[in-house]
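Trainee: There's a structure below that I have some questions on.
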Amino acid sequence: MTQDEPRQKDFWDIYELSNTFSLKDMIEWATTRDEWSFTEKEVEAGFKKISNIKECPEGIDCFRGYAWELISMDLKMDAEEYFKQKTT
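Numbers in our numbering are just positions in the sequence shown, counted from 1, shifted up by 112.
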């Protein structure tokens with residue numbers, strides 16, 4: 113998700129994991145695990161691009177019946193809240 117064009121699948125995975133882990137925990141784990149691969153600022157930039165991500169052309173079938181539009185809105189809100197707390 114820190115690429116120039118983040119993949120929709122990455123965000124689906126994050127959303128599914130958010131049922132078990134907080135966004136804070138996931139970001140901290142990822143930046144600690146791959147500290148040379150990307151930074152927290154790059155993760156933040158990836159979340160800022162979430163509104164521009166279109167549905168995958170091959171489609172992603174969600175067995176839970178979630179809609180991409182709602183998932184992207186939820187994740188964007190969660191990320192904005194997390195990064196806002198980091199700056200205060």
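Note that the Cβ used here is the ideal one computed from N, Cα and C, for glycine as well.
On the CB-based measure, 16 or more other CB atoms within 10 Å of its CB, does Ser184 come out buried or exposed?
Mentor: So Ser184 ends up on the buried side.
Trainee: So within the stretch 123 to 191, which uninterrupted alpha helix (DSSP H) runs reach at least 4 residues, ignoring any that extend past its ends?
Mentor: DSSP runs (the alpha helix (DSSP H)) wholly in the stretch 123 to 191: 135 to 145, 152 to 160.
Trainee: How big is the Cα-Cα spacing for Ile165 and Tyr127?
Mentor: Going from the Cα of Ile165 to the Cα of Tyr127 covers about 15 Å.
Trainee: In three-state terms, what does DSSP make of Thr199?
Mentor: Here Thr199 sits in helix by DSSP.
Trainee: Assuming Phe195 and Glu154 make a contact with CB atoms under 8 Å, what is their CB distance in whole Å?
Mentor: Not a contact, Cβ separation roughly 12 Å.
Trainee: Consult DSSP for Glu117 and reduce its assignment to one of helix, strand or coil.
Mentor: If DSSP states are grouped into helix, strand and coil, Glu117 belongs with coil.
Trainee: Determine the direct distance from the alpha carbon of Glu117 to that of Leu187, and round the result to whole angstroms.
Mentor: Those two C-alpha atoms are separated by around 17 Å.
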